[in-house]
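Chains as they are written, first to last, in the working numbering: chain A, 3 to 248; chain B, 3 to 248; chain C, 3 to 248; chain D, 3 to 248; chain E, 3 to 248; chain F, 3 to 248.
No residue lacks a Cβ here, since even glycine has one placed at the ideal position from N, Cα and C.
One structure below.
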């Protein structure tokens, strides 16, 4: 079930049977010459919605803008400062706890979010830890990157043995192409495979990675591959989330 | 053009011709027994995407969670504190300005957001106003509620002369039904038309409005009406945004 | 009773009979060539003090500096950022609740404060709404602009059928002249009636409104008119506040 | 000149001759059985306004609510958290600097404000100190407690050799009585002279100081003494501020 | 006992007998040509560790970076903004209270910290004071500057009748030399005794005090003097802390 | 060179030859029955000071309290909230940049700090990335955990093939014992090797790990092993930092 398309009555009923929810979390940032700006938000959303269509699993709204400061020299990128992102995640979690949710599974689409998501978890847990008495309501916060769901990295490496890369990867572009075929873009990549390197601020990033890609050749992406990855990830998510819910 | 499905190259090209962008902004909150929790985020998104399909207009990601503290006693509602929302809007605006956007049109779907959106505008403007020299880059921030786009309120009142209401309105439910017919819910409303009243915190809200609706009979909502409203609003948005862009 | 001139013992006694208080809230900002910088703080203060002299009504200290970023290009203007104003109002409200006040009536003198006052209300209510149990202590926050007290706008329009305006209005200048006749200033206005327009940051404001006024001819203001407006507003306040207190 | 009763044009003219301003800063807090809740805000305001009537000195609005957490167990007390007060003072100072003010003299009425005022100064200075180049615009922030203006403590001790005290002092009550004789309160004090002690939070405070006073017998206060103190302080302020302005 | 070198079991045992702890608090800032950047953190740490070696007294970690914005024009200085320092002290205090500590004695090494430490105390107390019921757990926060421990100022003045000074004092340099003789530096001072003056931001500071010292001749500092001061202060600390603990 | 024991003149000279600095960063938290509360701050400090004694490398003060909310149910643990830690690191970095440092190497002693350190880096970089022009001053922030310095993990595994563990590890206890032999504690461990598991808030932590250890048998720790690890890590640090500095 997608929370955005459910009524409050339906969510209240769901809470009779489960205290767990999936929140897709991503970023709006450049993904190279043929990747979508929304890639990192769309990938976990696509996978979670697929899973919700195949199993009894509640998916919340997508936390779509994350930590993307290093991409700001490319048009269209939108970022939160980490401190803002922590505050926003605190509010989301406080809202969900208010309804009785006790297990919140964040399905993440962006490596640059990992640190701040974990910092936000610690910020929320700290409130419970400072209290002189144990919390009356349990709380478990889990972060999973979609590409690290069991079997997914293996599949991506199998499909793209060369040029999978680290940013604007062939696999994430494929996932979005599968879901939104009309958004496919044919772009010649130069060089074929983008360079690798370190990340700091946006100006340094663009010097190291002139077209935005890191280590990838996303011109390999296509709808069929994307579909295979989506289904693999959705199946793994259903299994992992089911375990997490119990 | 939808920014989420565009590449950074495409956004850079758009910026050659226009410095303006539409940001749909909404809320995730109960919308009565048959309305979707995502209604207030979905309505401006649906309208803006329709407009983007019919004219050269850039639509950014949807700012989906807003100020909904008064709905927190109904399952599924998610809110930001106003101070968090101000911080997040500051970051979105700073990101967009970084790329050269100078006119940001916030198409809003939630009455409860209006105060905080305007406060966020003042927070951003204040930074320019405190500076000892005028800003090098122009900035215009505009808030428009989709139901106040020229002609829309009139149409809604025409379609729903009785029981249009103030929250979980017949028209907003219809807009989401038109876009997501599979999410329609058949629910008997009791009373037929919900009571009116004042809003404060979530516990008081639920006492005044037991099923979440205010003044409305959204069981009237249907796909055909929704479609008429979407097209009316999209046409008005294209016209108003075009003027705003120049 | 004015809280500033009462002892704590007297306030404690007042609380035996009423849990309600009026807080005048305004701004320190330019009010055109003949208006006082303190106009927006002084008007609600003058009206509330008049009411307190005529009825059993407790008036707190004046929240004198508000949201005036758009006036910063005119000497003497002082502003809070909206986020600061929210924090300050939170502290005022927390203090008043500590003593048992449950109904706080903010009598506002500045249109530019409205959004942030409402955002502050939502920030305070959110704390109650996030809690897993209903608040033990009731809380009602009300915003009223003095010029919208029943009958006041009508009187102002009657006195100033032409050139009442939107900022540095004839009526607000008159109110301050009536209370502080020694502060009257004779200034020739050019043009007689100031232009209308939109508001953003301070540099744009000054370009649109070179002497600070918007749409007004405040040279019409005089002590007698001011006195009529004060008394009208004070009477309306007593009536509205009495109802609010119960 | 009082800024609140001046026009922006008048302040602009003042800035041609001086970059200095006085800001009265106080607190709203219990002052014992016969003292006014507004005492600490009113005293510096009364003295500064007296000075402004006798010399060319600009007095800004009164920063009326300060750090009074320790008095919260007495009805009517209003406090800011220190962090809020720092933010608000930053905004006031940024506003004044925007107009060209370079020397801001804070005339303080409350011992409990001293630490936070100095912390706020450091917060503002830090911004200049972190910058890689020296500030283009000078900035001098000065704190003076009205009772420490040259000669004032001596006069107070002379008038009240016994029971002047440390909070709700005879002298501060006298100052407010002189300015607002209608607010005088006749209250029998028990004990005649209140105890001395240490301050922490509000519950501990009330245990140590049951009627709010510390070490004082403010029943000695009267209008004549108050008048002498006001004039002494105003004269000293004129002299000290004149020196500060140059 | 030094908390940093104790196990949690040992601290738990200590808490059976005492709810009090000493926290050395200082600054990292220039201390003239021959003083250590760590002087203000090292002095209270040295004294507290000496005391802990001679009596049953628990010393926590050193809060080493404080408010030093005015020294930022000298290499190596590190500062917190006051608002950051308040937040950090809040967290330290919340942590200590969690374990049952009720009396926290801050042994301070830096005059520039005093205001912010007291502001932080008020910030923490305010939380208790806003609550509608008295705190279940007592809390006493005490600030003591090591040079104001009984007898210490007298000893310093006796040892250095001339050129003791106000910053980079002969005595504080001596204390660090006694503890870290290898860090002694032989530097010729010009002028012999540094000037006195007022403090604002870092650029103004350096103009007034070109080599960083204020009013001092720290070339007088030596190990023997330092040792006498350390022992005097440690003895006084033991006595004062013992009294504070009861 | 240790910054804390250097004068500003010495740091200024160092800056002529290098723009790089090491900051040890740790935590104050329980480390099981025989480990020191200061372990995570002491380890990187010990290693960095050793390196500074053997090479030309500047070591700043130790950022001693970090993110330890999960240990709060054990006496003596002190934590910052992640948002506070981000603010404090921002201030440290701003201070160091003020002096011309461009490369800041954070030598970390606590796994629980990693997320927040990286979030703080992103917060600092974001400021540069939002700017419309590239930064004039370069900035490189690097995080290295001391146990991941080249060769160190291998050595630890070699020395402790069984029961090295994940928290309160044999190796970190050994490092502190080598530096502070007087702080060694003989404690029988039950069970010999502590359990493994997941981390959330403090109450859950204590249930999973009753004496604080995770997966370790730190009773194996001794001075000789610690010394070997320290020297290995110091040598690796010198090499890595030298490369980082260029």
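Taking residue i as the reference, which of the options has the closest Cα?
{"i": "residue 108 of chain F", "options": "F:169, F:81, F:148", "result": "F:148"}
{"i": "residue 243 of chain F", "options": "F:106, F:72, F:188, F:15", "result": "F:106"}
{"i": "residue 7 of chain C", "options": "D:25, D:3, D:31", "result": "D:31"}
{"i": "residue 71 of chain E", "options": "E:37, E:118, E:96, E:52", "result": "E:118"}
{"i": "residue 179 of chain E", "options": "E:210, E:218, E:231", "result": "E:231"}
{"i": "residue 210 of chain F", "options": "F:196, F:220, F:222", "result": "F:196"}
{"i": "residue 28 of chain F", "options": "F:80, F:233, F:53", "result": "F:80"}
{"i": "residue 104 of chain A", "options": "A:188, A:238, A:21, A:199", "result": "A:21"}
{"i": "residue 201 of chain A", "options": "A:174, A:73, A:51", "result": "A:73"}
{"i": "residue 182 of chain F", "options": "F:225, F:33, F:151, F:247", "result": "F:225"}
{"i": "residue 151 of chain F", "options": "F:215, F:67, F:169, F:53", "result": "F:53"}
According to DSSP, what are the bridge partners of residue i?
{"i": "residue 143 of chain C", "result": "C:106"}
{"i": "residue 77 of chain F", "result": "Residue 77 of chain F is not bridged to any residue."}
{"i": "residue 22 of chain B", "result": "B:105"}
{"i": "residue 65 of chain E", "result": "E:27"}
{"i": "residue 203 of chain E", "result": "Bridge partners of residue 203 of chain E: none, in fact."}
{"i": "residue 216 of chain F", "result": "F:169"}
{"i": "residue 4 of chain D", "result": "D:61"}
Can you give me the C-alpha to C-alpha distance between residue i and residue j, rounded to a whole angstrom?
{"i": "residue 45 of chain D", "j": "residue 162 of chain D", "result": "17 Å"}
{"i": "residue 240 of chain E", "j": "residue 13 of chain E", "result": "19 Å"}
{"i": "residue 204 of chain D", "j": "residue 144 of chain E", "result": "16 Å"}
{"i": "residue 123 of chain A", "j": "residue 65 of chain A", "result": "15 Å"}
{"i": "residue 236 of chain F", "j": "residue 156 of chain F", "result": "15 Å"}
{"i": "residue 86 of chain B", "j": "residue 95 of chain C", "result": "19 Å"}
{"i": "residue 223 of chain C", "j": "residue 213 of chain C", "result": "17 Å"}
{"i": "residue 91 of chain D", "j": "residue 40 of chain D", "result": "19 Å"}
{"i": "residue 228 of chain D", "j": "residue 245 of chain D", "result": "26 Å"}
{"i": "residue 131 of chain D", "j": "residue 120 of chain D", "result": "16 Å"}
{"i": "residue 76 of chain A", "j": "residue 10 of chain B", "result": "6 Å"}
{"i": "residue 82 of chain F", "j": "residue 186 of chain C", "result": "55 Å"}
{"i": "residue 170 of chain E", "j": "residue 34 of chain E", "result": "6 Å"}
{"i": "residue 207 of chain A", "j": "residue 136 of chain F", "result": "11 Å"}
{"i": "residue 62 of chain D", "j": "residue 159 of chain C", "result": "32 Å"}
{"i": "residue 23 of chain A", "j": "residue 238 of chain F", "result": "45 Å"}
{"i": "residue 164 of chain A", "j": "residue 114 of chain F", "result": "35 Å"}
{"i": "residue 134 of chain A", "j": "residue 78 of chain F", "result": "15 Å"}
* Using 8 Å as the threshold, is the stretch 186 to 203 of chain E in touch with the stretch 139 to 150 of chain E, meaning 3 or more CB pairs across them? -> Cβ pair count under 8 Å is below three, so no.
* To do: Decide yes or no for the touch test of the stretch 124 to 132 of chain A against the stretch 98 to 114 of chain B: beta carbon pairs closer than 8 Å, at least 3 of them.
  => Cβ pair count under 8 Å is below three, so no.
* Check whether the stretch 16 to 23 of chain A touches the stretch 56 to 76 of chain A, taking contact to mean three or more Cβ pairs, one atom from each stretch, closer than 8 Å. => A contact exists between the stretch 16 to 23 of chain A and the stretch 56 to 76 of chain A.
* Asked: Should the stretch 35 to 54 of chain E be regarded as contacting the stretch 108 to 122 of chain E, the criterion being three or more beta carbon pairs within less than 8 Å?
  -> Because the criterion of three Cβ pairs below 8 Å is met, the stretch 35 to 54 of chain E and the stretch 108 to 122 of chain E touch.
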